[in-house]
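Heads up, the numbering used here is the position in the sequence shown plus 247, with the first residue counted as 1. Beta carbons: idealized from backbone N, C-alpha and C, even for Gly. Note that the structure is a prediction, hence the values are computed from the model and not measured.
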Amino acid sequence: QSRPALFVDLDLPETCRTKAMIIRNKPELARVVFGNSHVDPSDSTPFIETKEYILHPMNLTDTQAMKLFLSSGKMDLSLPTLFLSECVLIYIAPEKVNPTLQLLQQSFPNSCIVVYEQIRPSDPFGQMMIRNLHVILNTLVHIAGAWVDLLSMEAYPELEDQKKRYRELGFTSVFCRDMYDVYSKMLDGNDVKRISRIEWFDEFEEWHLIQAHYCLLVAAQGSFDSWFSELTKNASFSVSFKSFCGTCSHA
248 QSRPALFVDL
258 DLPETCRTKA
268 MIIRNKPELA
278 RVVFGNSHVD
288 PSDSTPFIET
298 KEYILHPMNL
308 TDTQAMKLFL
318 SSGKMDLSLP
328 TLFLSECVLI
338 YIAPEKVNPT
348 LQLLQQSFPN
358 SCIVVYEQIR
368 PSDPFGQMMI
378 RNLHVILNTL
388 VHIAGAWVDL
398 LSMEAYPELE
408 DQKKRYRELG
418 FTSVFCRDMY
428 DVYSKMLDGN
438 DVKRISRIEW
448 FDEFEEWHLI
458 QAHYCLLVAA
468 QGSFDSWFSE
478 LTKNASFSVS
488 FKSFCGTCSH
498 A
């Protein structure tokens with residue numbers, strides 16, 4: 248299987264509404280999501296549900312809402328399932344989101360979560376990164392009217408803290424490396440050469456610092472445990488991850 252049978256997109260209500268309107272009003276996207284079905288461009292509801300794609304408003308701090316969604320029968324919870332989180336959990340207090348993560352871990356016995364987010368806030372570069380983010384977030388306050396912050400960074404500042412979090416949630420296999428390690432040691436050499444030829448780049452010192460302050464975490468269980476063993480042994484992360492994506496039924 249070359250791609251997941253079902254892609255589920257969970258986000259805050261207004262973000263879902265924006266995504267849904269973009270999909271409905273962009274013919275290229277509408278064809279991918281809806282096929283030949285009729286699409287009403289004026290529809291402003293935040294929900295989309297097709298055979299291969301579900302867009303559903305969800306606050307990850309609302310564990311009860313997640314329970315109701317999982318019990319709706321829209322997904323087969325036993326199938327291999329991949330969760331993707333890119334700079335999301337870092338903005339949610341652990342005590343508010345960990346119960347939802349625990350629910351997902353218990354509900355999907357054959358699952359894997361891939362997390363990308365910031366780490367190492369205490370060293371000089373990390374402190375500067377936090378200050379710069381606060382400047383950006385302060386600007387967003389004036390635009391969106393709400394303050395957001397890196398609420399889980401204090402609890403999980405280092406790689407070992409990140410790994411401990413997912414082990415305590417019950418995942419049986421956990422991998423976590425900073426992005427500089429992933430790029431320099433785990434990507435296929437041909438991919439690295441191809442990327443380096445796309446655009447001339449010479450600010451490597453700063454780029455290395457930035458990459459060392461972001462991490463990639465993979466936590467797996469059930470049917471993904473055997474793939475995880477391959478990942479941690481294989482020098483080429485990209486090859487392992489491609490084989491992994493082919494095993495997913497849900498994402």
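Three-way DSSP call (helix, strand, coil) for residue i in this model
i	result
Asp472	helix
Val486	With a pLDDT of only 49 at Val486, under the threshold of 50, the placement of this residue in the model should not be trusted, and no figure is reported.
Arg250	coil
Asp396	coil
Asp323	coil
Phe330	strand
Asn306	coil
Val382	helix
Val335	coil
Leu259	coil
Glu299	coil
Ser369	coil
Ser291	coil
Glu415	helix
Beta carbon of residue i nearer than 8 angstroms to that of residue j
i	j	result
Ser325	Phe471	no
Arg424	Leu406	yes
Gln365	Leu416	no
Leu380	Tyr413	no
Leu350	Lys314	yes
Phe294	Ala267	yes
Arg367	Pro404	yes
Arg276	Ile269	The sequence as given places Leu at residue 276; Arg does not occur at that position. It is a contact, given that the beta carbons lie within the stated cut-off.
Thr310	Pro274	no
Boundaries of the beta strand (DSSP E) in which residue i is found, first to last residue
i	result
Glu405	Careful: Glu405 lies outside any beta strand (DSSP E) and carries neither H nor E.
Ser358	Ser358 to Gln365
Leu348	Leu348 -> not in any beta strand (DSSP E); alpha helix (DSSP H) instead, spanning Pro341 to Ser354.
His455	That residue, His455, is in no beta strand (DSSP E); its alpha helix (DSSP H) goes Phe451 to Gln458.
His285	Run containing His285: none; DSSP gives neither H nor E here.
Cys423	Ser420 to Asp425
Val465	Tyr461 to Ala467
Nearest candidate by alpha-carbon position, reference residue i, set the options
i	options	result
Lys513	His303, Leu463, Leu434 and Glu405	No answer is possible for residue 513: the residues shown for the chain start at 248 and end at 498.
Leu348	Leu463, Asn306, Met376 and Glu450	Asn306
Phe316	Gly373, Thr328, Pro327 and Ile301	Ile301
Thr212	Thr308, Asn272, Val279 and Pro404	Beyond the ends of the chain as shown, which are 248 and 498, falls residue 212; an answer cannot be given.
Leu331	Ile360, Thr308 and Ser318	Ile360
Phe355	Ala466, Leu478 and Ser476	Ala466
Ala252	Asn283, Cys263, Leu329 and Glu452	Leu329
Cys462	Leu276, Gly282, Val421 and Thr310	Val421
Gly373	Asp287, Glu453, His285 and Leu478	Glu453
Met433	Gln468, Glu477, Ile339 and Val255	Glu477
First and last residue of the uninterrupted alpha helix (DSSP H) at residue i
i	result
Val280	Pro274 to Phe281
Ile442	Gly436 to Ile445
Leu315	Thr310 to Leu317
Supposed close pair residue i, residue j - CB separation, criterion 8 angstroms
i	j	result
His460	Met376	6 angstroms
Gln399	Ile457	Here the sequence assigns Ser to residue 399, which means Gln is not the residue at that position. About 20 angstroms; that fails the 8 angstroms criterion.
Val344	Thr308	6 angstroms
Tyr363	Glu333	5 angstroms
Beta carbon proximity, residue i to chain C, threshold 8 angstroms
i	result
Arg271	Of the chains in the structure shown, none is chain C; there is only one protein chain.
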